[in-house]
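Just below is one structure, and these are the notes that go with it.
Residue numbers (the numbering used here): 35 to 410.
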């Protein structure tokens with residue numbers, strides 16, 4: 035039986051407003067409006083933004099492209115409360131009201147605690163963020179709430195035991211990360227469903243990387259179904275999972291929008307054979323990772339420079355696998371500016387990390403390689 039947000043029967047393609055088209059270094063409003071219109075005209079209605087996207091400009095664009103142009107009841111809008119910006123209830127109230135003002139939405143259909151992890155959990159707990167958002171729902175300012183998540187299945191289980199009141203969870207799920215020991219897409223998904231939580235999927239194309247996979251991966255998928263494009267494989271993988279109510283795609287051109295709308299218009303899940311082929315492709319991608327990091331994070335505990343070594347190594351592996359410098363360099367910048375890591379080049383070569391590494395990775399030398407590619 036469907037309950038809560040599942041009762042809305044949302045069309046399963048969502049528009050993530052975080053990789054929008056740009057012109058002259060700014061978000062291209064005209065192109066964004068064309069994409070929004072294509073999205074809405076094809077019956078899709080779910081938009082996802084965040085307080086921090088484009089330093090707030092994403093929320094403002096949501097107002098100009100969506101809320102000022104369409105009746106409020108005709109679309110659903112989600113945004114997020116950034117834990118790294120909060121410390122008091124008054125501060126959270128100010129952030130929420132700023133998001134309301136920027137978007138002109140009046141209320142949010144979905145409001146999420148942004149990127150909850152073990153490392154930042156105390157900020158949300160100490161500020162009373164869980165209680166604050168629950169009160170917003172009671173006041174009618176938020177219809178449904180939950181959190182976006184980037185951590186282990188074990189910690190997700192702990193969070194959902196402590197906070198059974200959340201309406202949903204937003205998880206990174208795609209076929210490349212399905213059995214990945216670091217991202218743990220499958221384990222996190224199964225944990226959320228064990229707690230009967232609906233799931234919104236983010237990064238179904240792994241930041242665009244699955245739109246252009248290595249040739250051997252492409253050949254394997256094409257053998258299973260030669261008619262499907264690579265983006266379609268990734269999007270339909272997500273909607274093949276029970277309890278998934280929306281799959282967000284951060285589209286940056288009208289061409290991408292049309293391709294994704296076409297792929298999702300019938301919302302047809304993969305067949306059992308196609309799903310197996312996608313999982314096999316994901317396993318092959320993981321097996322080709324050059325740096326054998328398992329993200330145990332023992333190195334992070336002892337790094338005096340504050341380098342989140344496993345996160346930088348995941349990004350480096352993505353670069354080595356997909357050969358997409360623009361994408362991985364952009365993500366590297368986010369890891370430094372928003373992910374709380376020091377640059378790879380900040381390594382002091384103290385060797386503490388290498389003494390703790392169970393995989394015996396030559397971390398110092400590897401960080402030099404990361405720095406050579408991404409710090410320049």
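All residues carry an ideal CB built from backbone N, CA and C; glycine is no exception.
This structure is a prediction, so every number in the text was calculated from the model and none was measured.
Assigned exposure category for residue i - 16 Cβ within 10 Å defines buried
i, result
"residue 228", "exposed"
"residue 336", "exposed"
"residue 135", "exposed"
"residue 385", "exposed"
"residue 359", "exposed"
"residue 394", "exposed"
"residue 46", "buried"
"residue 230", "exposed"
"residue 125", "exposed"
"residue 66", "buried"
"residue 399", "exposed"
"residue 201", "buried"
"residue 173", "exposed"
"residue 204", "buried"
"residue 306", "exposed"
Backbone secondary structure at residue i - three-state DSSP
i, result
"residue 61", "strand"
"residue 302", "coil"
"residue 152", "coil"
"residue 85", "coil"
"residue 115", "strand"
"residue 185", "coil"
"residue 212", "coil"
"residue 399", "helix"
"residue 29", "With the chain running from 35 to 410 in the structure shown, residue 29 is simply not present."
"residue 261", "coil"
"residue 280", "strand"
"residue 158", "helix"
"residue 54", "coil"
"residue 347", "helix"
"residue 176", "strand"
"residue 34", "In the structure as shown, the chain starts at 35 and stops at 410, and residue 34 therefore has no counterpart that could be examined."
"residue 47", "strand"
"residue 144", "strand"
"residue 387", "helix"
"residue 275", "coil"
Distance, residue j Cα to residue i Cα
i, j, result
"residue 169", "residue 258", "49 Å"
"residue 127", "residue 92", "19 Å"
"residue 105", "residue 69", "17 Å"
"residue 177", "residue 291", "27 Å"
"residue 324", "residue 245", "21 Å"
"residue 310", "residue 371", "37 Å"
"residue 218", "residue 303", "21 Å"
"residue 271", "residue 312", "7 Å"
"residue 348", "residue 250", "21 Å"
"residue 380", "residue 353", "20 Å"
"residue 149", "residue 215", "19 Å"
"residue 97", "residue 338", "43 Å"
"residue 317", "residue 213", "7 Å"
"residue 90", "residue 389", "42 Å"
"residue 346", "residue 331", "12 Å"
"residue 289", "residue 320", "29 Å"
"residue 362", "residue 350", "8 Å"
"residue 282", "residue 207", "10 Å"
"residue 391", "residue 239", "30 Å"
"residue 397", "residue 375", "15 Å"
Identity of the residue in the options nearest residue i by Cα
i, options, result
"residue 112", "326, 133, 82, 263", "82"
"residue 223", "304, 105, 189", "189"
"residue 139", "166, 310, 95, 164", "95"
"residue 107", "142, 340, 122", "142"
"residue 110", "247, 77, 129", "77"
"residue 275", "365, 209, 167, 240", "209"
"residue 241", "114, 286, 409", "286"
"residue 50", "407, 343, 73", "73"
"residue 248", "239, 341, 179, 355", "355"
"residue 39", "293, 279, 322", "279"
Per DSSP, cross-strand counterpart(s) of residue i
i, result
"residue 236", "206"
"residue 110", "80"
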